[in-house]
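Each remark here refers to the structure printed beneath this line.
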Amino acid sequence: MTWQEDGTCITFGLWGPGDIVGRALSKADPLQIECLTDVQATLLPAGNWDLATDAMLLHAQRLGEFLEIVHSKPIDASLFRLMNWLGKRFGREIDRGQIIDLRLTHQQMAEIIGASRVTVTRILNNFEKQGIIQRLHRKVVVMQEQSLWHYEI
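For the sequence shown, our numbering begins at 1341 and goes up steadily by one.
Have a look at this one:
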(Lines of atoms letter the chains of each structure in order from A and count residues from 1; the text may use other names and numbers.)
(Lines give C-alpha, C1' and ligand atoms only; values in the text may rest on other atoms or scores of the structure.)
Protein backbone atom coordinates (compact mmCIF):
# COMPACT_ATOMS: atom_id res chain seq x y z
CA MET A 1 0.00 0.00 0.00
CA THR A 2 0.95 3.61 -0.34
CA TRP A 3 -0.53 7.00 0.51
CA GLN A 4 -1.32 10.09 -1.50
CA GLU A 5 -0.37 13.56 -0.26
CA ASP A 6 -3.85 14.02 1.24
CA GLY A 7 -3.46 10.83 3.31
CA THR A 8 -5.64 8.64 1.09
CA CYS A 9 -4.56 5.02 1.38
CA ILE A 10 -4.10 3.05 -1.85
CA THR A 11 -4.16 -0.74 -1.52
CA PHE A 12 -2.34 -2.57 -4.32
CA GLY A 13 -3.67 -6.02 -3.53
CA LEU A 14 -4.05 -8.83 -1.06
CA TRP A 15 -1.52 -11.61 -1.35
CA GLY A 16 -1.32 -15.11 0.06
CA PRO A 17 0.84 -18.23 0.21
CA GLY A 18 3.16 -18.62 -2.76
CA ASP A 19 2.74 -15.03 -3.92
CA ILE A 20 5.69 -12.79 -4.65
CA VAL A 21 5.66 -9.32 -3.10
CA GLY A 22 8.24 -6.64 -2.57
CA ARG A 23 9.72 -3.34 -3.61
CA ALA A 24 10.91 -4.70 -6.97
CA LEU A 25 7.27 -5.08 -8.06
CA SER A 26 6.23 -1.48 -7.35
CA LYS A 27 7.60 1.99 -7.92
CA ALA A 28 5.35 3.47 -5.22
CA ASP A 29 7.07 5.57 -2.59
CA PRO A 30 6.29 5.21 0.22
CA LEU A 31 5.51 1.51 0.00
CA GLN A 32 4.36 -0.58 2.92
CA ILE A 33 3.43 -4.24 3.15
CA GLU A 34 1.07 -5.07 6.00
CA CYS A 35 0.57 -8.67 7.14
CA LEU A 36 -3.00 -9.56 8.09
CA THR A 37 -2.08 -13.14 9.05
CA ASP A 38 1.04 -14.96 10.17
CA VAL A 39 3.54 -14.99 7.32
CA GLN A 40 6.53 -17.12 6.47
CA ALA A 41 8.63 -15.18 3.98
CA THR A 42 11.48 -16.42 1.83
CA LEU A 43 14.05 -14.12 0.28
CA LEU A 44 14.27 -14.34 -3.49
CA PRO A 45 17.61 -12.82 -4.53
CA ALA A 46 17.37 -10.33 -7.41
CA GLY A 47 19.58 -12.53 -9.57
CA ASN A 48 17.06 -15.39 -9.36
CA TRP A 49 14.00 -13.63 -10.80
CA ASP A 50 14.02 -16.05 -13.74
CA LEU A 51 13.03 -18.82 -11.30
CA ALA A 52 9.87 -16.92 -10.39
CA THR A 53 8.39 -16.24 -13.83
CA ASP A 54 5.19 -18.21 -13.18
CA ALA A 55 4.69 -16.53 -9.80
CA MET A 56 5.20 -13.07 -11.35
CA LEU A 57 2.65 -13.84 -14.08
CA LEU A 58 0.19 -14.94 -11.41
CA HIS A 59 0.94 -11.72 -9.50
CA ALA A 60 0.04 -9.67 -12.60
CA GLN A 61 -3.17 -11.67 -13.15
CA ARG A 62 -4.27 -11.21 -9.54
CA LEU A 63 -3.49 -7.51 -9.76
CA GLY A 64 -5.82 -7.36 -12.78
CA GLU A 65 -8.58 -9.12 -10.82
CA PHE A 66 -8.06 -6.67 -7.97
CA LEU A 67 -8.28 -3.65 -10.30
CA GLU A 68 -11.58 -4.95 -11.72
CA ILE A 69 -12.97 -5.12 -8.19
CA VAL A 70 -11.86 -1.67 -7.04
CA HIS A 71 -13.08 0.00 -10.23
CA SER A 72 -16.54 -1.61 -10.19
CA LYS A 73 -19.43 0.81 -9.87
CA PRO A 74 -21.57 1.39 -7.90
CA ILE A 75 -19.78 0.84 -4.57
CA ASP A 76 -22.26 -1.95 -3.72
CA ALA A 77 -21.04 -3.88 -6.77
CA SER A 78 -17.41 -3.28 -5.85
CA LEU A 79 -17.93 -4.62 -2.32
CA PHE A 80 -20.01 -7.52 -3.67
CA ARG A 81 -17.19 -8.51 -6.03
CA LEU A 82 -14.61 -8.06 -3.27
CA MET A 83 -16.52 -10.44 -0.97
CA ASN A 84 -16.83 -13.09 -3.71
CA TRP A 85 -13.12 -12.71 -4.58
CA LEU A 86 -12.09 -12.97 -0.92
CA GLY A 87 -14.18 -16.13 -0.61
CA LYS A 88 -12.51 -17.71 -3.64
CA ARG A 89 -9.00 -16.47 -2.87
CA PHE A 90 -8.79 -16.72 0.92
CA GLY A 91 -11.81 -18.78 1.87
CA ARG A 92 -12.41 -22.40 2.53
CA GLU A 93 -15.45 -24.39 1.59
CA ILE A 94 -18.05 -25.12 4.25
CA ASP A 95 -21.58 -26.42 3.80
CA ARG A 96 -23.06 -22.90 3.42
CA GLY A 97 -20.45 -21.37 1.13
CA GLN A 98 -16.94 -19.96 1.55
CA ILE A 99 -15.77 -18.86 5.00
CA ILE A 100 -13.17 -16.11 4.69
CA ASP A 101 -10.20 -16.84 6.93
CA LEU A 102 -8.83 -13.34 6.49
CA ARG A 103 -9.94 -10.77 9.05
CA LEU A 104 -10.42 -7.46 7.30
CA THR A 105 -11.97 -4.58 9.19
CA HIS A 106 -14.74 -2.53 7.62
CA GLN A 107 -12.20 0.31 7.41
CA GLN A 108 -9.75 -1.86 5.47
CA MET A 109 -12.48 -2.96 3.06
CA ALA A 110 -13.50 0.67 2.66
CA GLU A 111 -9.93 1.68 1.81
CA ILE A 112 -9.70 -1.12 -0.75
CA ILE A 113 -12.81 -0.06 -2.66
CA GLY A 114 -12.58 3.70 -2.08
CA ALA A 115 -15.58 4.07 0.20
CA SER A 116 -16.22 5.20 3.76
CA ARG A 117 -16.32 2.74 6.64
CA VAL A 118 -19.93 3.74 7.33
CA THR A 119 -20.89 2.90 3.74
CA VAL A 120 -19.19 -0.50 3.89
CA THR A 121 -20.92 -1.32 7.19
CA ARG A 122 -24.31 -0.35 5.74
CA ILE A 123 -23.77 -2.42 2.58
CA LEU A 124 -22.53 -5.46 4.56
CA ASN A 125 -25.64 -5.24 6.76
CA ASN A 126 -27.76 -5.20 3.58
CA PHE A 127 -25.83 -8.19 2.21
CA GLU A 128 -26.53 -10.06 5.43
CA LYS A 129 -30.26 -9.23 5.31
CA GLN A 130 -30.39 -10.48 1.70
CA GLY A 131 -28.60 -13.74 2.56
CA ILE A 132 -25.52 -12.93 0.48
CA ILE A 133 -23.20 -13.16 3.49
CA GLN A 134 -23.48 -14.52 7.00
CA ARG A 135 -21.38 -13.65 10.02
CA LEU A 136 -20.02 -16.62 11.90
CA HIS A 137 -17.73 -16.24 14.93
CA ARG A 138 -16.20 -12.90 13.79
CA LYS A 139 -15.68 -14.28 10.29
CA VAL A 140 -17.74 -13.82 7.16
CA VAL A 141 -19.28 -16.59 5.09
CA VAL A 142 -20.02 -15.77 1.46
CA MET A 143 -23.10 -17.87 0.87
CA GLN A 144 -22.77 -20.15 -2.18
CA GLU A 145 -21.17 -18.04 -4.89
CA GLN A 146 -23.56 -15.28 -5.81
CA SER A 147 -23.90 -13.72 -9.22
CA LEU A 148 -23.75 -9.94 -9.47
CA TRP A 149 -26.82 -9.99 -11.69
CA HIS A 150 -28.88 -11.54 -8.90
CA TYR A 151 -27.86 -8.99 -6.32
CA GLU A 152 -30.46 -6.28 -5.73
CA ILE A 153 -28.72 -2.93 -6.11
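Every residue, glycine too, gets a C-beta built ideally from N, C-alpha and C.
Per the DSSP secondary-structure output, MET1483 pairs in a beta bridge with GLY1437.
In this structure, the straight-line span from the alpha carbon of THR1459 to that of GLU1374 is close to 23 Å. Assignment of alpha helix (DSSP H) within the segment 1444 to 1486, counting only whole runs of 4 or more residues, yields 1446 to 1453 and 1457 to 1469 in chain order. Exposure of GLN1447 is indicated by the presence of fewer than 16 other C-beta atoms within 10 angstroms of its C-beta.
With respect to PHE1406, GLY1358 sits apart: the two C-beta atoms are not nearer than 7 Å. Residue environment for GLN1438: buried (at least 16 other C-beta atoms within 10 angstroms of its C-beta).
Pairing CYS1349 with TRP1343 gives a Cβ-Cβ distance under 7 Å.
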